[in-house]
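Taking it in order: structure first as structure tokens, then the write-up.
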Amino acid sequence: MSETQTVTPPVATAPDVGGLVEDLTALLGPDLVLTDDRSLDKASQDGSYLSPILRAQWPIGRPEVVVRPTSVDQVPAVVRAAVRRGVPITSRGKGTGNYGQVVPLHGGLVLDLTALRGIDHVDPEAGTVTAEAGVRMMSLEKRLARDGSQLWMYPSTVQSTLGGFLAGGSAGTGTIVHGRNHEGFVEALDVVYAHPDAEIVHLEGDDAQPFVHTYGVAGIIVRATVRIEPLQDWRCVYASFDDHHDAFSVVPRIHRLDPAPRLCSADGAHVAGCLPPDEAIPPGRASLRAIVDASVVDRVSALVTEAGGVVEAVRSGVNESIKVSTLSYNHPTHWLQKAEPDTWFHMECQGDALVERLDEVEAVYPGGTLHLEAGHGRMFGMLNGHYTDPDAAYAGVPVLEELGVTVHSPHQYRVDHGTEQVRALAARTDPYGLLNPGRWGA
Numbered sequence: 033m034s035e036t037q038t039v040t041p042p043v044a045t046a047p048d049v050g051g052l053v054e055d056l057t058a059l060l061g062p063d064l065v066l067t068d069d070r071s072l073d074k075a076s077q078d079g080s081y082l083s084p085i086l087r088a089q090w091p092i093g094r095p096e097v098v099v100r101p102t103s104v105d106q107v108p109a110v111v112r113a114a115v116r117r118g119v120p121i122t123s124r125g126k127g128t129g130n131y132g133q134v135v136p137l138h139g140g141l142v143l144d145l146t147a148l149r150g151i152d153h154v155d156p157e158a159g160t161v162t163a164e165a166g167v168r169m170m171s172l173e174k175r176l177a178r179d180g181s182q183l184w185m186y187p188s189t190v191q192s193t194l195g196g197f198l199a200g201g202s203a204g205t206g207t208i209v210h211g212r213n214h215e216g217f218v219e220a221l222d223v224v225y226a227h228p229d230a231e232i233v234h235l236e237g238d239d240a241q242p243f244v245h246t247y248g249v250a251g252i253i254v255r256a257t258v259r260i261e262p263l264q265d266w267r268c269v270y271a272s273f274d275d276h277h278d279a280f281s282v283v284p285r286i287h288r289l290d291p292a293p294r295l296c297s298a299d300g301a302h303v304a305g306c307l308p309p310d311e312a313i314p315p316g317r318a319s320l321r322a323i324v325d326a327s328v329v330d331r332v333s334a335l336v337t338e339a340g341g342v343v344e345a346v347r348s349g350v351n352e353s354i355k356v357s358t359l360s361y362n363h364p365t366h367w368l369q370k371a372e373p374d375t376w377f378h379m380e381c382q383g384d385a386l387v388e389r390l391d392e393v394e395a396v397y398p399g400g401t402l403h404l405e406a407g408h409g410r411m412f413g414m415l416n417g418h419y420t421d422p423d424a425a426y427a428g429v430p431v432l433e434e435l436g437v438t439v440h441s442p443h444q445y446r447v448d449h450g451t452e453q454v455r456a457l458a459a460r461t462d463p464y465g466l467l468n469p470g471r472w473g474a
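For the sequence shown, the positions run 33 to 474 when my numbering is used.
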């Protein structure tokens, strides 16, 4: 008999939010069970403001109750109560890097895990750290650095939590060497399934991977063991160029250095001018930022000079690395949109054509301007363009593909990674369809 068949049905045949609020208040106390408008509104927000297509659909969902457990052991009890009352459960950290994926489409309960901040165990010999889902990645990186270690990777958002990055993120600083977060970064997970008798389930290796980058639709991550490595002596190099073609041409060359960089980003003068003021990002010039091993700083400087650029600054320290990281991935798009509201949209793009056919790529959309990242084995970027309507945005996708560019649309909130495998898993771990429902489909 399958696990799905042996699970006891929930008590409620329809969502009973009022009963759940009473249950959770008795279980956790009123301070951790929130039904005020401010808390519900906050739990309805994420990074979808970066998509004008999604903004036009607001509001896409709003919870009826938010719960903030303060210990890992409280989570199974919350889930048991929600399942028995038939109430949908959307788990989330800060939600800052998501585009609608952690907004509760069907209302119900938002399970806010940001108070679970314990760092359980650091094992440099094994190359792992075990921590609770709510610990901030940047705090974890700083903690490890004090003891001579570093995370394999961390996201570009300062507020991002460990569980949030694993469930909803994909890449970041360190991806150049180690790939995306489902490609070996996760050693083990403690997960809670949506069962009436829910408990914490420990998963290791391949069994843990389907819960990564799938937005909590198959289980709620409460603790994770992820990979670490010895701390490198990093330097943050800022360079500027008259022309962004020259800046972009240097990114693949830095990418090929040995030791490899931890991050390498570049923007044309228009986007660079929207970034937070920094004397190392002079106005009117294209900008390149890279986190590189101290042993290759001279080589990086030579590459910049050969391409007609100027090294503006070389900085060191974990805080400086984090600062450079916050100017990567979709953050330049954020600053561009903040400087010029209601003007821009973007598509996520991959491929060496981003450098080799830059003019053609940028010409796909009116006002096209590319933010470039060195990715894992290939170039990656955010192609920003002037927004008119969804049809025009999507019409550019086949044109980009003809140029050799792989495109991922951030303007949707469905599971689009390992969908068949995850859906089969969720049939067993979430037999009543209560975990972040509404994520399947085109």
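Glycine is no exception: its CB is placed at the ideal position from the N, C-alpha and C atoms.
Express the C-alpha separation of A406 and P156 in angstroms, rounding to a whole number.
-> 28 Å
Is N351 helix, strand or coil by DSSP?
-> helix
If you draw a straight line from the C-alpha of Q77 to the C-alpha of D330, how long is it?
-> Between Q77 and D330, the C-alpha separation is close to 44 Å.
Exposed or buried, what is S327 when buried is set at 16 or more other beta-carbons lying within 10 Å of its beta-carbon?
-> exposed
Per DSSP, what kind of secondary structure is G473 in: helix, strand or coil?
-> Judged by DSSP in its simplified three-state form, G473 adopts coil rather than helix or strand.
Three-state class that DSSP yields for E405 in the structure shown = strand
Got a sec, what are the start and stop residues for the beta strand (DSSP E) A226 sits in?
-> Note, A226: premise wrong, no beta strand (DSSP E); not H, not E.
What is the DSSP secondary structure of S71, counted as helix, strand or coil?
-> S71: helix per DSSP, three-state reduction.
Near G50, what residues of its chain come up, given a Cβ to Cβ distance below 7 Å and the 5 sequence neighbours on each side ignored?
-> Residues of the same chain with their beta carbon placed closer than 7 Å to that of G50 are lacking, with the five preceding and five following residues left out of the count.
Candidates V387, A271, V393 and R410, of which the one nearest V346 by Cα = Minimum Cα distance to V346 is reached at A271.
Assigned exposure category for W184 - 16 Cβ within 10 Å defines buried | buried
Could you pull out every unbroken alpha helix (DSSP H) segment of at least 4 residues lying fully inside the segment 263–325, listed in chain order?
-> 276–287 and 301–304
How about A199 and G248: do their beta carbons lie closer than 7 Å?
-> Yes, they are a contact pair.
By DSSP, does T38 sit in helix, in strand, or in coil?
-> Residue confidence for T38 is low, a pLDDT of 47 falling below 50, so the modelled location carries little weight and cannot support an answer.
Find out if the Cβ-Cβ distance for the pair V396, M411 is shorter than 7 Å.
-> no
Does the count of Cβ pairs from the segment 298–312 and the segment 245–261 closer than 8 Å reach three?
-> As far as the Cβ criterion goes, the segment 298–312 does not touch the segment 245–261, which means the pair count is below three.
Can the beta-carbon of I92 be found closer than 7 Å to that of V135?
-> yes
Near I208, which residues of its chain fall below 8 Å by C-beta distance, leaving aside the five closest residues on each side in sequence?
-> H287, A292, P293, R294, L295, C296, A406, G407 and H408
With 16 other Cβ atoms within 10 Å as the buried cut-off, status of T401 = buried
Report the option in D274, V142 and D374 whose CA atom is closest to the CA atom of P101.
-> The residue from D274, V142 and D374 with its alpha-carbon nearest to that of P101 is V142.
Does the Cβ of Q369 have 16 or more other Cβ atoms within 10 Å, making it buried, or fewer, making it exposed?
-> buried
On the DSSP bridge assignment, give the partners of I208 in chain order.
-> DSSP, once it has assigned bridges, lists no residue as partnering I208.
For the candidate residues C268, A88 and A456, whose alpha-carbon lies nearest to that of D325?
-> C268
Does any residue of chain D bring its CB to less than 7 Å from the CB of D152?
-> Among the protein chains of the structure shown there is no chain D, as only one such chain exists.
Using three-state DSSP, classify Q369 as helix, strand or coil.
-> helix
Got a sec? Which residues, its chain only, sit under 6 Å from P47 by beta carbon, not counting five neighbours each side?
-> G118 and V119
Find out if the Cβ-Cβ distance for the pair I253, A165 is shorter than 7 Å.
-> yes
Identify the continuous beta strand (DSSP E) that holds A163 and give its terminal residues.
-> Where A163 is concerned, the enclosing beta strand (DSSP E) starts and stops at T160 to E164.
Is T420 helix, strand or coil when you go by DSSP?
-> The three-state reading of DSSP puts T420 in coil, since its state is none of H, G, I, E or B.
In the DSSP assignment, what are the bridge partners of Q382?
-> F412 and T438
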